[in-house]
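Heads up, the thing below is written out as structure tokens.
Numbering (our numbering), first residue to last: 2 to 537.
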């Protein structure tokens, strides 16, 4: 049985102008008729022939390139648009003469991310040369002698443990010490631009905790802006087409950053005792497979991107959602008082007690991630695989096809979160861990439904290794600010920033540029002159 395609628009006829017989010449009639025939011919040619078990076809209004244009225009949010139009668990998107799967059902996403037949490695390997410029010798090592990409798999396997246990403790201690020192300097201040203030607060503590005493960002402050210039141009750089022209800022930024990191790895500063286990383990694997230090520096240009580019935008939204609600600030302040202790010179927040003592603070953190995360996880199907959705329907994913798992669609799924899915609800996650819900736990907004759909850090082998590190940093900042400071907007009114385009290469949506959100920050009298410290 042939599946009926799902239409992405009301009618493909909307593409054709209405033409009145009274003014259309005979020639024009032939042109219109030819255009109609060509349109449907293109539509037929561009329609892939599907196995009836594959996800249903979702055809674009414009054949061949309609979905490509949609992804370029809307980036990650295109998946939310398509999901809400079609209400499908998964679909097949025809593109040029091929196809791609889009998966939006939370259960399918969770099981798909854990499935070893669905891999990031092919895309990771193919994007490495245009993104990093590593040499042929290194690419041969990355691909492996048998094309098995053994080094890539080994690095991924060892990255998670390198950001847990004692390794995580070391990173947390270093970053939180710097954050505490930074906040301790504030007695009364005017912040002209909240976005830039949050960025400066987070970048150096994070980079020093990651790269140790030899941290390139600490040695050259100009690298901070260059990192974000590089990040902004990644979608252009990955094309590998005249990058110096179409991605000039990112191309230049990459060259300067790589020069700094080649020096870092060539001088073996990654082996210093202050360097995180995360960096050490990765460098050790590279060298173990025979990669030269200069190409380690080129390849690891993606490390600061992974560690820093998403954390501070998430903290920006966390800050805004909490601080713009005075009643919420007071409720969280009372929670944080329960983890605070003081001496004559220091105030210490016990972050080990946050989950138990500060449930509203943690709920706001999760709600922030739910609303700001737009991640799309891309996989390639290594062999035919069947995934089953939340309603028990199974779909076949064919070998060799690319898959987009939309985390954003899961986090905005009305069937799991309820009709208020677009609203910031501070208390939403208070019953997140409730295993004895007295109502239907699978109802929209119920604890089990939320646990199924809340996957902001991905899953499987690519579960974000830095999630606990980022949690400690962000919770420490917001807990300190709610407890120890009065914060208000310069003009007296909190204005919600609009969201920028959700880039398909990162995870957290940024605010649009323009509005600076200037603030006034003043230390509360009872917490004056104390140094902020954290127990972890």
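Heads up, the beta-carbon is just placed ideally off N, CA and C, and yes, glycines get one too.
Ranked by how close their Cα comes to the Cα of residue 531, the residues 107, 185, 497, 429 have 185 in first place. Annotation: residue 449 to residue 193 spans about 42 Å, alpha carbon to alpha carbon.
Scanning the segment 257-333 for uninterrupted beta strand (DSSP E) segments of 3 residues or longer gives nothing; none is fully contained. Annotation for residue 71: 79 place their beta carbon closer than 6 Å to its own, counting only its chain and skipping 5 residues before and after. Bridge partners of residue 95 according to DSSP: 100. For residue 220, the uninterrupted alpha helix (DSSP H) run begins and ends at 217-220, by DSSP. Residue pairing from DSSP places residue 521 in a beta bridge opposite 191, 489.
DSSP places residue 68 in the uninterrupted alpha helix (DSSP H) bounded by 67-75. The three-state reading of DSSP puts residue 127 in helix, counting H, G and I together. Secondary structure of residue 454 (DSSP, three-state): helix. Taken through DSSP and simplified to helix, strand or coil, residue 146 comes out as coil. At a Cβ-Cβ threshold of 9 Å, residue 387 and residue 397 count as neighbours. DSSP places residue 414 in the coil class of the three-state scheme, outside both helix and strand. When secondary structure is reduced to three states using DSSP, residue 335 falls in the helix class. Residue pairing of residue 119 in beta bridges, as defined by DSSP: 382. In this structure, the beta-carbon distance from residue 263 to residue 294 falls below 9 Å. In this structure, the beta-carbon distance from residue 176 to residue 489 does not fall below 9 Å. Residue environment analysis places residue 289 among the exposed positions, since fewer than 16 neighbouring C-beta atoms fall within 10 angstroms of its C-beta. If the five residues before and after residue 501 are omitted, its C-beta is found closer than 7 Å to the C-beta atoms of 510, 511, 512, 513, all from its own chain and listed in chain order. Residue 423 and residue 415 have their C-alpha atoms roughly 9 Å apart. CA-to-CA, the gap between residue 50 and residue 118 works out to about 23 Å. Under the DSSP assignment, residue 398 falls in the beta strand (DSSP E) whose first and last residues are 395-398. Look at residue 404 here: in three-state DSSP terms it is strand. If you draw a straight line from the Cα of residue 477 to the Cα of residue 461, it comes to about 28 Å. Counting only residues of its own chain and dropping the five nearest sequence neighbours on each side, residue 141 has no CB closer than 8 Å to any other CB. Annotation for residue 454: 107, 411, 412, 414, 417, 418 place their beta carbon closer than 8 Å to its own, counting only its chain and skipping 5 residues before and after.
With fewer than 16 other Cβ atoms from the protein chains shown falling within 10 Å of its own Cβ, residue 214 counts as exposed. In the displayed model, residue 435 falls within coil according to three-state DSSP, outside both helix and strand. Between the beta-carbon of residue 518 and that of residue 196 there is about 7 Å, and that keeps the pair under the 8 Å contact cut. Going by C-alpha positions, residue 284 is about 9 Å away from residue 156.
Residue 348 has 343, 533 as its beta-bridge partners, per DSSP. Contact holds between the segment 308-317 and the segment 200-212, because three or more Cβ pairs, one in each stretch, are under 8 Å apart.
Taking every protein chain shown into account, the CB of residue 173 has 16 or more other CB atoms within 10 angstroms, so this residue is buried. The beta carbon of residue 377 sits closer than 6 Å to those of 77, 405, 407, 505, all from its chain and outside the five residues before and after it, given in chain order.
The C-alpha of residue 242 is placed about 30 Å away from the C-alpha of residue 399. Within the same chain, Cβ atoms closer than 6 Å to the Cβ of residue 443 are found at 449, 450, the five residues on either side in sequence being excluded.
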